[in-house]
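Asks:
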DNA sequence: CCCCCCCC
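In the working numbering, the protein residues as written are 12 to 549.
(1) At which residues does the beta strand (DSSP E) containing residue 63 begin and terminate?
(2) Measuring only the C-alpha atoms, how far is residue 426 from residue 453?
(3) May I ask which residues mark the beginning and end of the beta strand (DSSP E) holding residue 301?
(4) Report all residues from its chain with a CB closer than 7 Å to the CB of residue 531; omit the five preceding and five following residues, and keep chain order.
(5) Looking at C-beta atoms only, is the number of pairs between the stretch 228 to 241 and the stretch 254 to 266 that lie closer than 8 Å three or more?
(6) Residue 421 and residue 411 look like a contact to me (Cβ under 8 Å); what is the Cβ gap, rounded to whole Å?
(7) Output the boundary residues of the beta strand (DSSP E) element that contains residue 341.
(8) Touch check for the stretch 95 to 107 and the stretch 122 to 142: three-plus C-beta pairs under 8 Å?
(9) Which runs of the alpha helix (DSSP H) spanning at least 4 residues fall entirely within the stretch 378 to 409, listed in chain order?
(10) Does the distance from the C-beta atom of residue 56 to that of residue 40 stay below 8 Å?
(11) Would you tell me roughly how many angstroms separate the C-alpha atoms of residue 365 and residue 251, rounded to the nearest one?
(12) Grab me the residues of residue 249's own chain with a C-beta within less than 7 Å of its C-beta, minus the 5 sequence neighbours each way, in chain order.
(13) Using the Cβ count rule (16 or more neighbours within 10 Å means buried), how would you classify residue 337?
(14) Could you tell me the boundaries of the beta strand (DSSP E) in which residue 241 lies?
(15) Rounding to the nearest angstrom, what Cα-Cα distance links residue 274 and residue 313 in this structure?
(16) Measuring only the C-alpha atoms, how far is residue 122 from residue 110?
(17) Among the residues of its own chain, which have a CB less than 6 Å from the CB of residue 356, if the five just before and after it don't count?
(18) Three-state secondary structure (DSSP) at residue 311?
(19) Could you check the C-alpha separation between residue 287 and residue 120 for me, to the nearest Å?
(20) Who are the Cβ neighbours of residue 257 in its own chain at under 6 Å, not counting the five residues just before and after it?
(21) Leaving out the 5 sequence neighbours to the left and right, which residues in its chain are closer than 7 Å to residue 260 when beta-carbon positions are compared?
(22) One question on the structure: do residue 75 and residue 138 come within less than 8 Å of each other, judged by their Cβ atoms?
(23) Cα separation between residue 351 and residue 308?
(24) Taking Cβ to Cβ, would you say residue 395 is nearer than 8 Å to residue 429?
(25) Along the chain, where does the beta strand (DSSP E) containing residue 366 start, and where does it finish?
(26) If the criterion is Cβ atoms closer than 8 Å, does the pair residue 272 and residue 205 meet it?
(27) Report buried or exposed for residue 547, applying the criterion of at least 16 other Cβ atoms within 10 angstroms of its Cβ.
(28) Between the beta-carbon of residue 391 and the beta-carbon of residue 418, is there less than 8 Å?
(29) Which residue's Cα is closest to the Cα of residue 371: 106, 455 and 237?
(30) Going by the beta-carbon positions, is the gap between residue 431 and residue 403 smaller than 8 Å?
(31) In terms of residues, what are the limits of the alpha helix (DSSP H) holding residue 218?
See the structure below:
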């Protein structure tokens, strides 16, 4: 392990906002010490930010010391610094902790910055040093690192002496030592450095992560064309807030199901990573993890707590694009009504499942029906029924959006519901409800669509339209009416070739709007309150 | 390798 001697480091008290330039040789310093154990092992490193750009929810840039450059990626939690304008392109940042993403057979190194501070906002130009240096020490193989001597560059520390590390113990080492009876494999894993989740990749398997179980799925069995088996998923979150989904199959699924507990913290090693299928992604990570029988999972004791749930609330009037999709949504709203519990018989196996419908409203001035299932229907639903008169606010995580009644939502196995959550949104909603919502007759988000579609084509979004209960499916032919809803991109609909008209829900013939209300159907010779929307071509 | 999640 490569470390700077104490006197080569800049004392923390001199690390201020006063640095006006980069640390000469900074890139070489980083690459010579690719995985510092803690911020104490990181010398003064100030780099200039070049080519700052977003990649997904994160930002990358080229970290420049005026001479050499290295690709850098900022942990997700620095995104706000960029958005706020504090961290700017051409600005200076002091790197306080980092880890290098070491992909074998790849020459381009990447520094993952886990801690940094802004030293200066954008300078006028890119800093370019006149000094030429030779190959950075970085290109050496790990075994050769032990005796690196860095070159004196400008005003940089004269010599970078390296010493074996024995002075700083990582938390995992301490835990490891306290647990002398751990399995040898586990103990070995523990003595290694804890990697930030963001640094993991499919090409390098030698890591240990320290993560909290922030979602635990059921141990399910499945049967399909490829065979049958058992499967079990967890969502893991590290201290940077990076998340990954881990999957176990068959024996490992059974083995680890009782090991992983919601809210507990674990050291994990010897898992494998693969590119996550975008279609089924439940967390923000390009990769997903598989744990097989060789995986090492060790609880970090004394660190258990139920983490604050991270919500991504969708306003009720914005549920449309999620209809029929796989993406689950979170909703926060005021409970307006709670139905009795019903027993629903599942078609596939005749099993009875308790269900309860509740109606919630939010400050988009819309309501939506939420179907609660199982425990959420019985226990939680009963609690809601008891307090419905006080208009409780609920936060529901992981809801499936369907087109029933135009738009409605339903809990799934992993859904959670919190009554009167301590969130800023709760206060906002309460204020809205008291001042406005309570005294207003709010419409269901699905009203005017679905069975009660009387309004024709509704354009809710700039790039798409919501069509509900179209009575002709172009795949089935005009004469075979079906009922379905969809969101279609406007670009897929050719306005000049498309005729929209209102059709009778009974005979599917064109109807005319009746005087007063409803629709007159010539075919039925009857007045209807509802009609459907039909299109003659796609 | 799952990715289903119930009923109208």
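Every residue, glycine too, gets a C-beta built ideally from N, C-alpha and C.
Replies: Reading from the atomic positions:
(1) Your numbering for residue 63 matches position 52 in the first chain. Note, residue 63: beta strand (DSSP E), 57 to 66.
(2) One-based indexing of the first chain puts residue 426 at position 415. One-based indexing of the first chain puts residue 453 at position 442. Straight-line Cα distance between these residues: approximately 26 Å.
(3) For the purposes of this step, residue 301 is identified with residue 290 of the first chain, where counting begins at 1. Per DSSP, residue 301 belongs to the beta strand (DSSP E) from 298 to 301.
(4) Translated into the one-based positions of the first chain, residue 531 becomes position 520. These residues qualify, in order along the chain: 522, 523, 525 and 538.
(5) yes
(6) Mapped onto the first chain, residue 421 falls at position 410. Mapped onto the first chain, residue 411 falls at position 400. Rounded, the Cβ-Cβ distance is 5 Å, consistent with contact.
(7) Locating residue 341 in the first chain gives position 330, where the first residue counts as 1. Looking at the DSSP string, the run of the beta strand (DSSP E) that includes residue 341 is 340 to 349.
(8) yes
(9) 392 to 398
(10) The residue given as residue 56 occupies position 45 in the first chain. The residue given as residue 40 occupies position 29 in the first chain. Contact flag set, yes.
(11) Position 354 of the first chain, counted from the first residue, corresponds to residue 365. Position 240 of the first chain, counted from the first residue, corresponds to residue 251. Each residue's Cα considered, the two are about 39 Å apart.
(12) Walking along the first chain from the start, residue 249 turns up at place 238. Here the set comprises 207, 208, 220, 221 and 222.
(13) Mapped onto the first chain, residue 337 falls at position 326. Residue 337 counts as exposed, since fewer than 16 other C-beta atoms from the protein chains shown sit within 10 angstroms of its C-beta.
(14) On the first chain, position 230 is the one that residue 241 refers to. Its beta strand (DSSP E) spans residues 238 to 248.
(15) The residue labelled residue 274 in the question sits at position 263 within the first chain. The residue labelled residue 313 in the question sits at position 302 within the first chain. Using only the alpha carbons, I get a separation of about 11 Å.
(16) By one-based count along the first chain, residue 122 stands at place 111. By one-based count along the first chain, residue 110 stands at place 99. Taking the straight line joining both Cα atoms gives about 6 Å.
(17) Mapped onto the first chain, residue 356 falls at position 345. The residues are 363.
(18) Start at 1 with the first residue of the first chain, and residue 311 comes out as number 300. It is coil, neither helix nor strand.
(19) Here residue 287 refers to the residue found at position 276 when the first chain is read from its first residue. Here residue 120 refers to the residue found at position 109 when the first chain is read from its first residue. Using only the alpha carbons, I get a separation of about 22 Å.
(20) Position 246 of the first chain, counted from the start, is the residue given in the question as residue 257. Beyond the five residues adjoining it in sequence on each side, residue 257 comes within less than 6 Å, by CB distance, of 245, 247, 300 and 302 in the same chain, given in chain order.
(21) Position 249 of the first chain, counted from the first residue, corresponds to residue 260. Contacts found: 240, 241 and 242.
(22) Your numbering for residue 75 matches position 64 in the first chain. Your numbering for residue 138 matches position 127 in the first chain. Result yes, Cβ atoms of residue 75 and residue 138 sit closer than 8 Å.
(23) Start at 1 with the first residue of the first chain, and residue 351 comes out as number 340. Start at 1 with the first residue of the first chain, and residue 308 comes out as number 297. Near 43 Å, if we compare the C-alpha coordinates of residue 308 and residue 351.
(24) Within the first chain, numbered from 1, the residue matching residue 395 stands at position 384. Within the first chain, numbered from 1, the residue matching residue 429 stands at position 418. Contact flag unset, no.
(25) In the first chain, the residue the question calls residue 366 occupies position 355. From DSSP, the beta strand (DSSP E) with residue 366 extends over 363 to 373.
(26) By 1-based counting over the first chain, the position of residue 272 is 261. By 1-based counting over the first chain, the position of residue 205 is 194. Contact: no.
(27) Numbered from its first residue, the first chain carries residue 547 at position 536. Below a pLDDT of 50, predicted positions are generally treated as unreliable, and residue 547, at 44, falls in that range; the measurement from the model is reported next regardless. Exposed.
(28) Reading the first chain from its first residue, position 380 is the one you call residue 391. Reading the first chain from its first residue, position 407 is the one you call residue 418. Not a contact, by the Cβ cut-off of 8 Å.
(29) One-based indexing of the first chain puts residue 371 at position 360. Of 106, 455 and 237, the residue nearest in Cα terms is 455.
(30) Indexing the first chain from 1 puts residue 431 at position 420. Indexing the first chain from 1 puts residue 403 at position 392. Result yes, Cβ atoms of residue 431 and residue 403 sit closer than 8 Å.
(31) Here residue 218 refers to the residue found at position 207 of the first chain. It is not in any alpha helix (DSSP H) - residue 218 carries neither H nor E in the DSSP assignment.
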